[in-house]
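In full-length UniProt numbering, the protein residues as written are 1 to 457.
Here you go:
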């Protein structure tokens, strides 16, 4: 990965972590806190408050993605962060379950997850994107781990509502990162207008399999974590000590996925690791139903869960972005993130309903059914191979020539038959050439247009 790819990835990962923090940090404490609000705090309303964040995310992901395709990624991200900021403040000032639900709905309405992934896809080569998306996925897993460890501690020392003031402050920092830190390239793209109907893209069979995957992954997560904190309480672990279980389990799981990510990329074992980890998630549901009566058994089961969850969370965004047409990344990733958000919403609603009508084991049976259907869908899925997009370092003096001269050079590069698009980073002095395929690339043609004296590598 080049320096600006690393810079872009870390900046976007920070913003992504903030967005997921707004969801994850309340998972270990929300059911217990909301249950103590007194009259009106029914199991169904608690489930709705869990899931409404996902509902508004689902409603706005596709519109935000389409707007980013048209008006630019960074502008739409800042708008989404402003809405998220307002939602966090609403929760901070809330005194009732209904107001907390409203604040969660506003947080979700700042639906920038798809736009962030589309921006990252714009700023990275196809080969580096798997690593970048893995970092994003790992950051989500890291956020989840940090949240469940810190949540009980912050709840003890700050209180439930003050946590959201902290989140609001972090959202202001995220806006500054978007505006001042993340690179802003000049794009030269073929004037190919792709007029696919939105419906055709959303219901494409390949995309639907991945969309259902992220739906099932997050629905099962919400369903499970309506029960897991209560299970820990049941074996004699009050909420303020839950971090003692979550922290070591999460650290070990993050270490465990590193070799899997490396091997799946270098040894072309992505399909095998992917299917194994979906199966492990299903196995986790069985373990929670039949082997969760002690601290040790719950810790081992959570370790298996975190390993599988973190790996799949790291690889799914890479798959969907690599398969998306360049002119429609915002739309495709919008549909993908809508599915993720719907999973959060449906998980909250179904979990609340099942817990009310049936016994505790029914929660894990429902989660297992959702995941088993995903495994069946992915068995015959064809995983894509990476294209070797080219990164060329240019001498800073190259950018001192007139705009007319530079535009002529870059337009010539973009017009080459093997070039899909060219991204120019004047501040970083890089050019990314994204290829249609690996077979026809001709480095001599590119260097002839750039001029040997201008290119460093």
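We treat Cβ as the ideally placed atom computed from N, Cα and C, and that holds for glycine. Predicted model, so just to flag it, every value in this text is computed and none were measured.
N- and C-terminal bounds of the beta strand (DSSP E) containing residue i
i	result
residue 391	390–393
residue 423	419–425
Status (buried if at least 16 other CB within 10 Å, exposed otherwise) for residue i
i	result
residue 224	buried
residue 19	buried
residue 447	exposed
residue 226	buried
residue 443	exposed
residue 70	exposed
residue 158	exposed
residue 95	exposed
residue 310	buried
residue 5	buried
residue 155	buried
residue 335	buried
residue 308	buried
residue 206	exposed
residue 337	buried
residue 359	exposed
residue 3	exposed
residue 364	buried
residue 380	exposed
residue 286	exposed
Span separating the alpha-carbon of residue i from that of residue j
i	j	result
residue 216	residue 280	14 Å
residue 139	residue 235	30 Å
residue 250	residue 413	46 Å
residue 420	residue 82	34 Å
residue 176	residue 370	39 Å
residue 416	residue 275	39 Å
residue 143	residue 17	6 Å
residue 131	residue 149	26 Å
residue 9	residue 113	14 Å
residue 404	residue 410	10 Å
residue 179	residue 14	13 Å
residue 244	residue 125	40 Å
residue 167	residue 401	45 Å
residue 284	residue 229	16 Å
residue 343	residue 393	42 Å
residue 185	residue 1	17 Å
residue 282	residue 212	15 Å
residue 327	residue 199	16 Å
residue 449	residue 396	17 Å
residue 430	residue 451	14 Å
residue 84	residue 78	10 Å
residue 288	residue 362	11 Å
residue 160	residue 233	18 Å
residue 21	residue 147	7 Å
residue 66	residue 115	9 Å
residue 123	residue 304	33 Å
residue 463	residue 252	Shown here, the chain extends from 1 to 457; a query on residue 463 therefore has no answer.
residue 93	residue 72	33 Å
Cβ-Cβ separation, residue j to residue i (assumed contact under 8 Å), whole Å
i	j	result
residue 151	residue 298	Actually they do not touch by this definition, with Cβ atoms about 17 Å apart.
residue 101	residue 52	5 Å
residue 263	residue 254	Contact flag wrong, Cβ pair sits at about 16 Å.
residue 461	residue 80	The structure shown does not extend to residue 461, since the chain is modelled only from 1 through 457, so no value can be given for it.
residue 341	residue 332	Actually they are not in contact, since the Cβ atoms of residue 341 and residue 332 sit about 15 Å apart, beyond 8 Å.
residue 29	residue 239	6 Å
residue 56	residue 103	Not confirmed; about 11 Å, so no contact.
residue 219	residue 352	The Cβ separation is near 13 Å, so there is no contact.
residue 427	residue 183	7 Å
residue 121	residue 329	5 Å
residue 137	residue 314	3 Å
residue 445	residue 389	Contact doesn't hold; Cβ gap of about 16 Å is too wide.
residue 292	residue 231	6 Å
residue 214	residue 316	6 Å
residue 118	residue 68	6 Å
The alpha helix (DSSP H) enclosing residue i, as first and last residue numbers
i	result
residue 430	Not the alpha helix (DSSP H): residue 430 falls in the beta strand (DSSP E), residues 430–435.
residue 384	From DSSP, residue 384 is part of no alpha helix (DSSP H); its letter is neither H nor E.
residue 235	Looking at the DSSP string, residue 235 is not in any alpha helix (DSSP H), and its letter there is neither H nor E.
residue 26	It is not in any alpha helix (DSSP H) - residue 26 carries neither H nor E in the DSSP assignment.
residue 447	443–450
residue 367	360–378
residue 173	160–180
residue 211	205–224
residue 107	97–109
residue 94	Taken as a continuous stretch (DSSP letters only), residue 94 belongs to no alpha helix (DSSP H), as it is neither H nor E.
residue 112	Here residue 112 belongs to no alpha helix (DSSP H), and DSSP marks it neither H nor E.
residue 405	403–415
Where are the beta strand (DSSP E) runs, 3 residues long or more, that stay fully inside the region 237–275, in chain order?
none
Mind listing, in chain order, the continuous alpha helix (DSSP H) runs of no fewer than 4 residues lying wholly within the region 268–332?
270–290, 295–323
Could you pull out every unbroken alpha helix (DSSP H) segment of at least 4 residues lying fully inside the region 62–92, listed in chain order?
73–92
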